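Colleague: Dumping the structure here so I can ask a few things about it.
Number of protein chains: 2
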Amino acid sequence: MSRKKSINVSDPRAHRSRDALLNAAIELLLENPRASMSDIAAHAGVGRATLYRHFESRDELVLELAAESMKASEAVLKSLNVPERPAVEVITEGIRAIMPVADRFHFLMLLWVIASENDEAIKIYYRQLDELAQIVERAKIEKSINESLSTDWIVMLIDSVTYVGWWSIHSGQMNPKQAGDHAVQSLFGGISP
Amino acid sequence: MSRKKSINVSDPRAHRSRDALLNAAIELLLENPRASMSDIAAHAGVGRATLYRHFESRDELVLELAAESMKASEAVLKSLNVPERPAVEVITEGIRAIMPVADRFHFLMLLWVIASENDEAIKIYYRQLDELAQIVERAKIEKSINESLSTDWIVMLIDSVTYVGWWSIHSGQMNPKQAGDHAVQSLFGGISP
DNA sequence: TCTATATAAGACATACGTGTATCATAGATG
DNA sequence: CATCTATGATACACGTATGTCTTATATAGA
Numbered sequence: 028m029s030r031k032k033s034i035n036v037s038d039p040r041a042h043r044s045r046d047a048l049l050n051a052a053i054e055l056l057l058e059n060p061r062a063s064m065s066d067i068a069a070h071a072g073v074g075r076a077t078l079y080r081h082f083e084s085r086d087e088l089v090l091e092l093a094a095e096s097m098k099a100s101e102a103v104l105k106s107l108n109v110p111e112r113p114a115v116e117v118i119t120e121g122i123r124a125i126m127p128v129a130d131r132f133h134f135l136m137l138l139w140v141i142a143s144e145n146d147e148a149i150k151i152y153y154r155q156l157d158e159l160a161q162i163v164e165r166a167k168i169e170k171s172i173n174e175s176l177s178t179d180w181i182v183m184l185i186d187s188v189t190y191v192g193w194w195s196i197h198s199g200q201m202n203p204k205q206a207g208d209h210a211v212q213s214l215f216g217g218i219s220p
Numbered sequence: 028m029s030r031k032k033s034i035n036v037s038d039p040r041a042h043r044s045r046d047a048l049l050n051a052a053i054e055l056l057l058e059n060p061r062a063s064m065s066d067i068a069a070h071a072g073v074g075r076a077t078l079y080r081h082f083e084s085r086d087e088l089v090l091e092l093a094a095e096s097m098k099a100s101e102a103v104l105k106s107l108n109v110p111e112r113p114a115v116e117v118i119t120e121g122i123r124a125i126m127p128v129a130d131r132f133h134f135l136m137l138l139w140v141i142a143s144e145n146d147e148a149i150k151i152y153y154r155q156l157d158e159l160a161q162i163v164e165r166a167k168i169e170k171s172i173n174e175s176l177s178t179d180w181i182v183m184l185i186d187s188v189t190y191v192g193w194w195s196i197h198s199g200q201m202n203p204k205q206a207g208d209h210a211v212q213s214l215f216g217g218i219s220p
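Taken in sequence, the protein lines are chains A and B. The working numbering puts the first residue of the first sequence at 28, with every later residue one more than the last. The working numbering puts the first residue of the second sequence at 28, with every later residue one more than the last.
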């Protein structure tokens, strides 16, 4: 579908608006999936009309956010996930590396809540789950993850510790490095002394 | 404020309606925080007007759900959390014991999203976090939890594994016992073999 | 059976979110 | 400077959720 956009992103004004909108949207939707288009525009410091000039609908905005988040996560993971490398190392390094963009990563996991009626976005959600699941299964085959825990369980758990990491950064309690260390430690070793 | 209710809960009809409404509300709101009053009434199999006879507003419904969920969680935890008992045991037993009512427990964590404008509900949410934090601090003093992990981090992590447990039960992958075992194992021992 | 009341169904006013359109203005480009 | 265009502000139509109210029906309790 995607009708022609009347906006030229090479215009610095448009570029600034678009960036501000995407950031505001991620930020607001993460803490309140019901955030309205008005909220998002206001938080980005632009008019609501401008938001609609950049994204035809709320659904398209969410879809672009999903795509952008997927790209950000993939950019980090693709370089790590080479077949020769132990999967557990990919997960460990991945968690650490993803902390600076943990908001993007977690957004993908929230897609179901945010956009359960947006088929395109849900596809991205499932793709994300699937990629993680494959790495986890590889780690199981390599005997580096407890096989008595189901893959689905571990995928959820990875998202959880990533989310806790993001939350710690977001609330100003930790920097990305600390959050990454905590997340890896919690995921693999648990909280026992 | 709470204006006088025109409903007599001792009337079996009213009692059945109220129960159906509370259950339907928990169920729907957990999987879609935006569920409408119409949705909830329909899912409970009663008329929308009846919903408004039992709860003056959406906010009041959420508040009652929060209170009811808090009671359900507390009923489980209060019996375990005696000062003589090692805190780590309270947490372990607590997680296992709470799995059958994990939906109620998780609802408390969702309160922020569902009712971030409802001050009363948010108070209940913070109270829940605070009670958990106290037990965690006790566990640290008893050297049964890694002291290098912050209390806030651990509270969030407990939230998270409980959520993953609830999700596993809810999606039909596990029964409460399995979910409890997985959660405890993941929290204390991590996912390493 | 008779009375009280909880309920279903639906009309209604109100508020809010979405998406479209218009117009004057400020900023970018040449 | 002159032109192009992204923007802000605002009005509008439309759909949907909230909360109130009325009326007829069904069910509990005496």
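Even for Gly, the Cβ is constructed at its ideal location relative to N, Cα and C. The model shown is predicted, which means the values in this text are computed figures rather than measured ones.
Please report whether the beta-carbon of D130/B lies at a distance below 7 Å from any beta-carbon of chain A.
Modeller: D130/B does not count as touching chain A.
Colleague: Give the DSSP-derived three-state secondary structure of S213/B in the structure shown.
Modeller: Residue state, collapsed to three classes: helix.
Colleague: Exposed or buried, which one is R30/B when buried takes at least 16 other CB atoms within 10 Å?
Modeller: Because R30/B sits at a pLDDT of 44, beneath the cut-off of 50, its placement in the model cannot be relied upon, and the following sentence gives the value as read from the coordinates. The residue is exposed, with fewer than 16 neighbouring Cβ atoms inside 10 Å.
Colleague: To the nearest angstrom, how far is it from the Cα of E116/A to the Cα of G72/A?
Modeller: The alpha-carbon atoms of E116/A and G72/A are separated by roughly 41 Å.
Colleague: Go ahead and pull the three-state DSSP assignment for A142/B.
Modeller: Coil.
Colleague: How far does the alpha helix (DSSP H) with G72/B in it extend, from its first residue to its last?
Modeller: Careful: G72/B lies outside any alpha helix (DSSP H) and carries neither H nor E.
Colleague: Once DSSP output is grouped into helix, strand and coil, what is the label at S198/B?
Modeller: Looking at S198/B - three-state DSSP - the assignment turns out to be coil, as it is neither helix nor strand.
Colleague: Can you tell me whether D186/A is buried or exposed? The criterion is at least 16 other CB atoms within 10 Å of its CB, across all chains shown.
Modeller: Buried, because 16 or more other Cβ atoms sit within 10 Å of the Cβ of D186/A.
Colleague: Taking all protein chains shown into account, do 16 or more other C-beta atoms lie within 10 angstroms of the C-beta of P110/B, making it buried, or fewer, making it exposed?
Modeller: Classification for P110/B: exposed.
Colleague: Would you check if the segment 42-61 of chain B and the segment 126-137 of chain B touch, i.e. whether three or more CB-CB distances between them fall below 8 Å?
Modeller: The segment 126-137 of chain B vs the segment 42-61 of chain B: in contact.
Colleague: In whole angstroms, what separates the C-alpha of I162/B from that of P113/A?
Modeller: Each residue's alpha carbon lies about 38 Å from the other.
Colleague: Given a cut-off of 7 Å on the beta-carbon distance, is the pair L78/B and L48/B in contact?
Modeller: Yes, these two residues count as a Cβ contact at 7 Å.
Colleague: Write down the C-beta distance between S219/A and F82/B rounded to the nearest angstrom, noting that I regard them as a contact closer than 8 Å.
Modeller: With 8 Å as the limit, S219/A and F82/B do not qualify as a contact, their Cβ atoms being about 44 Å apart.
Colleague: Mind checking if V191/A is an interface residue toward chain B, Cβ cutoff 7 Å exclusive?
Modeller: It does: the Cβ of V191/A has a partner Cβ on chain B nearer than 7 Å.
Colleague: Are the segment 133-149 of chain A and the segment 187-194 of chain A touching by the rule of at least three beta carbon pairs closer than 8 Å?
Modeller: At 8 Å Cβ cutoff, the stretches touch.
Colleague: What are the residues in the segment 173-185 of chain A lying within 9 Å of chain B by C-beta distance?
Modeller: Under the 9 Å Cβ criterion, the segment 173-185 of chain A contributes N173, E174, S175, L176, S177, D179, W180, I181, M183, L184, I185.
Colleague: Using beta carbons (cut-off 7 Å, strictly below), is I162/A in contact with chain B?
Modeller: I162/A does not count as touching chain B.
Colleague: Which residue marks the beginning of the alpha helix (DSSP H) containing A99/B, and which one marks its end?
Modeller: Run containing A99/B: 85-105, per the alpha helix (DSSP H) assignment.
Colleague: Taking C-beta pairs closer than 8 Å, name the residues in chain B that I218/A reaches, listed in chain order.
Modeller: Ordered by position in chain B, the residues that pass the 8 Å Cβ test against I218/A are I172, N173, L176, I181, L184, L214, F215.
Colleague: State yes or no: is the C-beta of R75/A within less than 7 Å of the C-beta of A68/A?
Modeller: Yes; because the gap between Cβ atoms is below 7 Å, this pair is in contact.
Colleague: Report yes if the C-beta distance between A148/A and V89/A is below 7 Å; otherwise report no.
Modeller: Result yes, Cβ atoms of A148/A and V89/A sit closer than 7 Å.
Colleague: Whose Cβ in chain B lies nearer than 7 Å to the Cβ of H209/A?
Modeller: Result: L176, W180.
Colleague: For S33/A, I'd like the list of residues in its chain whose CB is within less than 8 Å of its CB, leaving aside the five on either flank, ordered along the chain.
Modeller: Only R80 meet the Cβ criterion.
Colleague: Let me confirm a value: G217/B is counted as buried when at least 16 other C-beta atoms fall within 10 Å, else exposed. Which label applies?
Modeller: Under this definition G217/B is a buried residue.
Colleague: Once DSSP output is grouped into helix, strand and coil, what is the label at E174/A?
Modeller: Correct three-state label for E174/A: coil.
Colleague: May I have the straight-line CA-CA distance separating D208/A from D38/B, to the nearest angstrom?
Modeller: Each residue's Cα considered, the two are about 57 Å apart.
Colleague: In this structure, does DSSP put E120/A in helix, strand or coil?
Modeller: Looking at E120/A - three-state DSSP - the assignment turns out to be helix.
Colleague: Let me see if you follow: with CB-CB separation under 7 Å, is S21/A close to chain B or not?
Modeller: Past the edges of chain A, shown from 28 to 220, lies residue 21/A, and the structure says nothing about it.
Colleague: Can you tell me whether F82/B is helix, strand or coil according to DSSP?
Modeller: It is coil, neither helix nor strand.
Colleague: Starting from the Cα of P203/A, find the closest Cα among E120/A, N35/A, K105/A and give me that residue.
Modeller: Closest option to P203/A, Cα to Cα, is E120/A.
Colleague: Buried or exposed: N145/B, going by 16 or more other Cβ atoms within 10 Å of its Cβ?
Modeller: Classification for N145/B: buried.
Colleague: When you compare the CB of S33/B with every CB in chain A, is at least one pair closer than 7 Å?
Modeller: Not one chain A Cβ lies under 7 Å of S33/B.
Colleague: Taking only beta-carbon positions, decide if S187/A is within less than 7 Å of chain B.
Modeller: Yes, its Cβ sits closer than 7 Å to a Cβ of chain B.
Colleague: Please report how far the alpha carbon of E91/A lies from the alpha carbon of D46/A, in whole angstroms.
Modeller: The straight-line gap from Cα to Cα measures roughly 12 Å.
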